[in-house]
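Notes follow the structure.
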Amino acid sequence: MSRLSTTFAALKTDGRTALIPFITAGDPQPSVTVNLMHDMVKAGANILELGVPFSDPMAEGPVIQAACERALEHHVSLRDVLGMVKEFRQQDNKTPIVLMGYLNPVEVMGYQAFADAASEAGVDGTILVDLPPEEGGELDAILKSKDIDPIFLLAPTSTDERMELICKQGSGFVYYVSLKGVTGAAHLDVQSVVEKVNQIRSHTDIPVGVGFGISDAETAAKVAAVSDAVVVGSAIVKRVAENAHDPKKISEQVCGLIAAMRQAMDA
Amino acid sequence: MSKTECKDYYAMPDDRGHFGIYGGKFVAETLMEPIEELRQAYEKVKVDPGFQAQFDKDLADYVGRPSPLYHAERWSRELGGAQIYLKREDLNHTGAHKINNTIGQGLLAKFMGKTRVIAETGAGQHGVATATVAARFGMECIVYMGEEDVKRQAPNVYRMKLLGAKVVPVTSGSRTLKDALNEAMRDWVTNIDNTFYIIGTVAGPHPYPAMVRDFQTIIGREARRQIMEQAGRLPDALVACVGGGSNAIGLFHPFLADEDVAIYGVEGGGDGIASGRHAAPLCAGEPGVLHGNRTYLMEDKDGQIIETHSISAGLDYPGVGPEHAWLKDCGRASYVAITDKEALEAFHIVTRTEGIIPALESSHALAYGAKLAKTMDKDQIIIVNLSGRGDKDINTIADIEGISL
């Protein structure tokens with residue numbers, strides 16, 4: 318069983334929901350990332366989502382755009398990110414890691430070379446924002462052959478037909494983007510999330526994660542009650558940015574939020 | 043890709059929006075359904091006689107088409123080679139070819155019931171053309187423009203404001219056209235219910251490259267008819283500048299099956315290809331994925347998009363329309379680069395010789411046209427697309443030449 322399915326199965330047994338924090342790898346500097354990953358796991362994260370910096374992050378709001386720019390000042394590449402995963406794995410072989418990014422760095426590395434390197438580093442899944450299932454067939458097959466789950470986004474605009482397609486081609490979990498917009502936008506509407514998640518569940522048995530617009534413990538708890546995973550991105554990256562000068566404070570602030578969310582979700 | 047596949051130039055894109063390995067739909071999930079709705083709406087109007095009649099009427103009465111095909115006799119004589127004919131897109135309403143496309147997409151937006159249009163712009167020509175149709179159709183209009191471009195194209199910024207558009211300076215990334223496109227995409231994904239994104243070039247996710255091309259092929263269809271009337275035969279060569287490549291594909295497309303007509307796309311060579319400071323992905327880039335399509339890109343070894351440089355804001359873009367990428371690989375069109383310096387020279391020569399002030403973008407095509415003409419015989423013919431007029435560039439040129447206006 319893959320780390321992702323093991324993790325989701327164990328959480329289900331305990332009646333808990335996965336908490337998935339997102340950070341951009343190499344933000345604000347490469348030396349921070351691996352320690353922060355370990356700290357987030359200790360604070361209650363079940364799965365880690367690691368952003369691969371890209372020069373043109375079209376689906377991101379200002380917070381994660383700025384994180385990409387900070388990481389790119391240090392020339393953090395896809396290969397560097399895989400190096401960080403490898404380093405993390407030396408101490409933690411259990412927590413699943415999902416890479417989130419854009420297709421072009423993977424195209425340039427080459428699909429097979431990427432899948433081989435990601436598998437060797439210990440990556441469990443990928444979310445490539447600008448690679449819909451219609452264009453992703455070749456890469457997805459290569460990833461699956463290396464036991465890496467291609468994870469797809471579902472949106473408020475996704476029709477039943479698309480849900481069906483995505484749930485069939487994706488694995489690991491599906492990630493419901495709770496609002497029309499970029500990352501870090503306004504608060505989500507919990508009621509509409511409930512409806513959509515139920516609609517998605519009618520198409521698939523794989524876990525359903527929800528993200529975009531979850532910035533506090535209360536919202537996290539509400540979303541946790543109706544989904545299998547809560548993804549928190551901009552709220553965390555904002556804390557990284559605010560404490561960029563002091564790695565210790567980054568960890569304190571980020572882990573404080575994660576612990577509060579974890580507590581509210583488990584209550 | 044087999045050579046036979048390249049022979050049927052009019053079979054592209056396929057129904058998934060691919061030109062060989064290029065093109066496609068590389069967008070976030072939220073946009074997949076909206077671009078599908080757009081594709082369906084476009085397929086509908088494409089065969090709707092009422093829509094096409096309205097489009098043709100607007101092109102005639104509002105844009106002022108057909109634009110003339112002008113034999114630049116004096117310049118041709120001075121060059122001493124082939125006869126150069128200029129396709130005068132600079133004489134269109136708003137001063138460039140961009141309006142052909144914004145009329146088409148504006149009508150489509152209206153057809154789809156959208157009340158708000160957004161656009162990205164580099165030189166400002168597409169922004170002005172979008173603001174123009176928005177004013178005419180009574181639609182809210184937001185134009186995203188890189189902060190750098192806002193500075194170097196001040197007259198166009200003011201024009202857009204006069205037309206009632208809101209111009210949003212984009213301060214992320216390299217603050218030029220590519221970043222304006224990113225920002226427009228972000229707006230679109232947030233406001234998809236009421237918003238139509240009028241992309242200004244033959245790039246972006248399917249159906250944009252095909253749709254924008256179809257709206258621009260009026261250029262080539264007219265030119266083909268006009269050269270037959272004036273010279274009694276097809277030209278030997280076509281030349282057009284390529285940023286995203288909409289004026290170029292508009293001229294080239296109706297001639298693709300005429301294998302004896304040589305086709306040249308001219309990219310922004312900046313300080314020269316060897317300097318690395320240029321905007322010539324077809325000459326010196328690699329295939330990759332950006333802004334919804336696979337195409338040639340200016341990128342580094344890690345797949346990050348790199349900053350481009352061109353004296354012309356309209357050519358300052360790290361990608362290019364996917365059909366050009368495909369035509370390059372097929373060998374049907376050749377892509378070359380002209381440096382800032384060469385473009386400036388051509389700008390002055392054409393201004394002084396023919397009394398036509400060309401846009402800096404078009405000056406790249408003129409510069410290559412002149413080079414090419416000198417290698418050809420006097421009875422040969424080149425059509426150069428004079429895609430826009432240069433009024434918007436006079437501040438830039440005065441600056442470079444140390445003149446204060």
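Going line by line, the protein sequences match chains A and B.
For what it's worth, the working numbering labels the leading residue of the first sequence as 318, then goes sequentially.
For what it's worth, the working numbering labels the leading residue of the second sequence as 43, then goes sequentially.
C-beta atoms are modelled at their ideal positions from N, C-alpha and C, and glycine is treated no differently.
Please read all numbers here as calculations on a predicted model, not as lab measurements.
Query raised in the report: By how many angstroms is the C-alpha of A/VAL415 removed from the C-alpha of A/SER551?
Result: 16 Å
Query raised in the report: Near B/ALA440, what residues of its chain come up, given a Cβ to Cβ distance below 6 Å and the 5 sequence neighbours on each side ignored?
Result: LEU447
Requested in this report: Quick one: give me the first and last residue of the beta strand (DSSP E) that B/LYS208 is part of.
Outcome: 208–212
Query raised in the report: Do A/SER436 and A/LYS463 come within 8 Å of each other at the CB atom, strictly closer than that value?
Result: yes
Requested in this report: Determine, using beta carbons only, whether A/PRO422 comes closer than 8 Å to chain B.
Outcome: yes
Query raised in the report: In chain order, what residues of the same chain have a beta carbon less than 6 Å from the beta carbon of A/MET401, not counting five sequence neighbours either side?
Result: ALA342, THR350 and VAL351
Requested in this report: Have a look at B/ASP421 and B/ALA124 and give me their C-alpha separation to the nearest angstrom.
Outcome: Roughly 6 Å separates the two Cα atoms.
Query raised in the report: Is the Cβ of B/MET219 closer than 8 Å to any Cβ of chain A?
Result: Checking the sequence, you will find Leu at residue 219 of chain B rather than Met. Not closer than 8 Å to any Cβ of chain A, the Cβ of B/LEU219 fails to qualify, so no.
Query - Distance between beta carbons of B/ILE423 and B/ALA273, contact taken as under 8 Å - result: 6 Å
Query raised in the report: Of the choices B/HIS295, B/ILE260 and B/HIS320, whose alpha-carbon is the least far from that of B/GLU131?
Result: B/ILE260
Requested in this report: With a 10 Å radius around its C-beta and 16 neighbouring C-beta atoms as the bar for buried, classify A/ASN515 as buried or exposed.
Outcome: exposed
Requested in this report: Leaving out five residues on either side along the sequence, give the residues of the same chain with a beta carbon under 7 Å from the beta carbon of B/LYS370.
Outcome: Leaving aside the five residues that flank B/LYS370 on each side, the residues in its chain whose CB is nearer than 7 Å to its CB run, in chain order, LEU324 and TYR377.
Report task. Answer yes or no: do B/LYS86 and B/LEU293 have a C-beta to C-beta separation smaller than 8 Å? Result -> no
Requested in this report: Can you give me the Cβ contacts of A/ASP447 inside the same chain, cut-off strictly under 6 Å, excluding the 5 residues immediately before and after it?
Outcome: The beta carbon of A/ASP447 is closer than 6 Å to those of TYR419 and LEU420 in its chain, skipping five residues each way along the sequence.
Query raised in the report: Does any residue of chain A bring its CB to less than 8 Å from the CB of B/VAL281?
Result: no
Report task. Within its chain, find whatever has a CB closer than 7 Å to the CB of A/ASN336; leave out the 5 residues flanking it on each side and keep chain order. Result -> Correcting the residue identity first, residue 336 of chain A is Leu in this sequence and not Asn. Once the five neighbours on either side are set aside, the close Cβ partners of A/LEU336 are GLY361, ALA362, ASN363, VAL547, ILE575, MET578, ARG579 and MET582.
Query raised in the report: Assuming B/GLU189 contacts B/THR174 under a Cβ cut-off of 8 Å, what Cβ separation, rounded to an integer in Å, is found between them?
Result: That belief does not hold up - the Cβ atoms of B/GLU189 and B/THR174 are roughly 23 Å apart, past 8 Å.
Requested in this report: Return the CA-CA distance between B/THR136 and B/ALA379, expressed in angstroms with no decimal places.
Outcome: 27 Å
**Report entry** CA-to-CA distance, B/ASP342 to B/ARG431, given in whole angstroms
**Finding:** Here the C-alpha atom of B/ARG431 lies approximately 34 Å from the C-alpha atom of B/ASP342.
Report task. Answer yes or no: does any C-beta atom of chain B fall closer than 8 Å to that of A/GLN382? Result -> yes
Query raised in the report: Are the region 176–186 of chain B and the region 352–370 of chain B touching, with three or more C-beta to C-beta distances below 8 Å?
Result: Counting Cβ pairs under 8 Å, fewer than three are found: no touch.
Query raised in the report: Taking 8 Å as the CB-CB limit, is A/ALA558 close to chain B?
Result: With 8 Å as the cut-off, A/ALA558 does not count as an interface residue toward chain B.
Query raised in the report: Using a Cβ-Cβ cut-off of 7 Å (strictly less than) and excluding sequence neighbours within five positions of B/LEU133, which residues of its own chain qualify?
Result: GLY106, SER109 and PRO110
**Report entry** Residue nearest to A/LEU444 in terms of C-alpha spacing, selected from A/ASP466, A/ASN560, A/PRO347 and A/MET318
**Finding:** At residue 444 of chain A the sequence reads Ile, which differs from the Leu that was named. It is A/ASP466.
Report task. Check the Cβ of B/VAL212 against every Cβ in chain C and list those closer than 8 Å, keeping chain order. Result -> Absent from the structure: chain C. Protein chains present are A and B.
Query raised in the report: Would B/GLY310 pass as a contact of B/THR337 if the rule is Cβ separation under 8 Å?
Result: no
Query raised in the report: Is the region 398–413 of chain B close to the region 345–359 of chain B, with three or more CB pairs under 8 Å?
Result: Judged by Cβ distances under 8 Å, the region 398–413 of chain B makes contact with the region 345–359 of chain B, as three or more pairs qualify.
**Report entry** B/ALA151 versus B/THR157 - alpha carbon distance
**Finding:** 8 Å
Query raised in the report: From the beta carbon of A/VAL402, is the nearest beta carbon of chain B less than 8 Å away?
Result: no
Requested in this report: Can you grab the Cα-Cα spacing for the pair B/THR46 / B/GLY169, in whole Å?
Outcome: A caution first: B/THR46 carries a pLDDT of 44, below 50, which makes its placement in the model unreliable, though a value can still be read off. Distance between the alpha carbons of B/THR46 and B/GLY169: 39 Å.
Report task. Compare the C-alpha of B/GLY206 against each of B/ASP221, B/GLY215, B/VAL185 and B/PRO296 and name the closest. Result -> Comparing C-alpha distances from B/GLY206 to each of B/ASP221, B/GLY215, B/VAL185 and B/PRO296 shows the shortest one belongs to B/VAL185.
Query - Per DSSP, the bridge partner or partners of B/GLN125 - result: B/ILE423
Query raised in the report: Using 8 Å as the limit for Cβ to Cβ distance, is B/ASN224 near chain A?
Result: So, interface residue.
Query raised in the report: Between the C-alpha atoms of B/LEU428 and B/PHE153, what's the straight-line distance to the nearest angstrom?
Result: Rounded to the nearest angstrom, the two C-alpha atoms are 31 Å apart.
Query - Assigned exposure category for A/LYS565 - 16 Cβ within 10 Å defines buried - result: exposed
Query - Run of the alpha helix (DSSP H) containing A/PHE431, from where it starts to where it stops - result: 428–438
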